[in-house]
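S.K.: Residues 1 to 191 (this note's numbering) are what the sequence shown spells out, left to right.
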Amino acid sequence: MEKESSSAIAQWPEDAREAAQLVVDQYGEPDEVTASFVVWHKPGPWKRIVASRQVHEHNFPAPHLDSVESVIDYRFPDDKARDVFLFDGSVVINRTEGEVSARCHDEQANFLALNLMHDIATNAKNIQQAREYYALEFLNARRKQPTPYMEKLHFMPAQGAAADPDTRLLTDEALQQAVEEGKRNSAGRGG
Numbered sequence: 001m002e003k004e005s006s007s008a009i010a011q012w013p014e015d016a017r018e019a020a021q022l023v024v025d026q027y028g029e030p031d032e033v034t035a036s037f038v039v040w041h042k043p044g045p046w047k048r049i050v051a052s053r054q055v056h057e058h059n060f061p062a063p064h065l066d067s068v069e070s071v072i073d074y075r076f077p078d079d080k081a082r083d084v085f086l087f088d089g090s091v092v093i094n095r096t097e098g099e100v101s102a103r104c105h106d107e108q109a110n111f112l113a114l115n116l117m118h119d120i121a122t123n124a125k126n127i128q129q130a131r132e133y134y135a136l137e138f139l140n141a142r143r144k145q146p147t148p149y150m151e152k153l154h155f156m157p158a159q160g161a162a163a164d165p166d167t168r169l170l171t172d173e174a175l176q177q178a179v180e181e182g183k184r185n186s187a188g189r190g191g
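See below:
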């Protein structure tokens, strides 16, 4: 007997509905529902999971559709951001909020991507090693062989305090001066 889809995603396109239903099956009904997204807050090891009605084509390591984003708190080293960008375009670093996320078809692929992101951040693997390992686990999953990086996170995400609001460049005085100059320029144009 086929399992009924969550009412929150019942009208979504099939690919997006199938991916989101995997999260519903794992964590229950979402905490937030919009026409385009469903969100779970603090499910399992995640800060949040966001499933999207819209799917995105992704060809690494083989063509598939991404629509489920798993988010963790993580203070990512600035000097490694380029490496993660080159490793997997579906891994996103949000420095200001102190978050890193992976978007794929399912939670297991997101575990894999984020474990490899951490390996890159800690110099355990370089870009090519991470890409090759990703491809190996991707194939091993289909072979029904062990896939340790797809089972869980192999590191502890930050528990808050990962945000990096950056460094202030403009002083209050400089901002106020700019406002005053703007008023004078506006008045000078008759406005």
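Ideal Cβ placement from N, Cα and C applies to all residues, glycine included. Since we're looking at a predicted model, the values are computed, not measured.
1. What residues are listed by DSSP as bridge partners for V12?
2. Please return the same chain residues whose Cβ sits closer than 7 Å to the Cβ of L153, not counting the five positions on each side in sequence.
3. So, do the segment 128 to 136 and the segment 90 to 102 have three or more beta carbon pairs nearer to each other than 8 Å?
4. Buried or exposed for D194, going by 16 or more other Cβ atoms inside 10 Å?
5. Quick check on DSSP: helix, strand or coil for N123?
6. In chain order, what residues of the same chain lie with their CB nearer than 7 Å to the CB of R17, ignoring the 5 residues before and after it?
7. Rounded to the nearest angstrom, how far is the Cβ of D73 from that of P148, given a contact under 8 Å?
8. Please go through the same chain and pick out, in chain order, the residues whose beta-carbon is closer than 6 Å to the beta-carbon of L22, but skip the five residues on each side of it.
9. State the Cα-Cα distance for the pair D79 and A121, rounded to the nearest angstrom.
10. DSSP beta-bridge partners for W40?
11. Please classify F85: is it buried, with 16 or more other beta-carbons within 10 angstroms of its beta-carbon, or exposed?
12. Could you work out which residue in M117, R75 and V91 is closest to P165 when comparing CA atoms only?
13. Does L114 come out as helix, strand or coil in the three-state DSSP assignment?
M.R.: Once the coordinates are examined:
1. Along the sequence shown, one-based indexing puts residue 12 at 12. According to the sequence as given, residue 12 is Trp; it is not Val. Paired residues: none, contrary to the question.
2. Here the question's residue 153 lines up with position 153 in the sequence shown. Correct list, in chain order: P45, F111, L114 and N115.
3. Not touching, per the Cβ criterion.
4. This structure leaves residue 194 out entirely; the chain is present only between 1 and 191.
5. Within the sequence shown, residue 123 is the residue found at index 123, counting from 1. Of the three classes helix, strand and coil, the one that applies to N123 here is coil, per DSSP.
6. The residue you call residue 17 lines up with position 17 of the sequence shown. Correct list, in chain order: S5 and I9.
7. As a position in the sequence shown, residue 73 is number 73, starting the count at 1. As a position in the sequence shown, residue 148 is number 148, starting the count at 1. Between D73 and P148 a beta carbon distance of about 23 Å is seen, past the 8 Å cut, so the two are scored as non-contacting.
8. Locating residue 22 in the sequence shown gives position 22, counting from the first residue. So the qualifying residues of the chain are D106.
9. Within the sequence shown, numbered from 1, the residue matching residue 79 stands at position 79. Within the sequence shown, numbered from 1, the residue matching residue 121 stands at position 121. Taking C-alpha positions only, D79 is separated from A121 by approximately 9 Å.
10. As a first step, residue 40 is located in the sequence shown; it is residue number 40 there, counting from the start. I49, per the DSSP bridge assignment.
11. Working through the sequence shown from its first residue, we reach residue 85 at position 85. F85 comes out exposed.
12. Numbered from 1 along the sequence shown, position 165 holds the residue referred to as residue 165. The candidate whose alpha carbon is nearest that of P165 is R75.
13. Looking up residue 114 in the sequence shown gives position 114. Three-state result, L114: helix.
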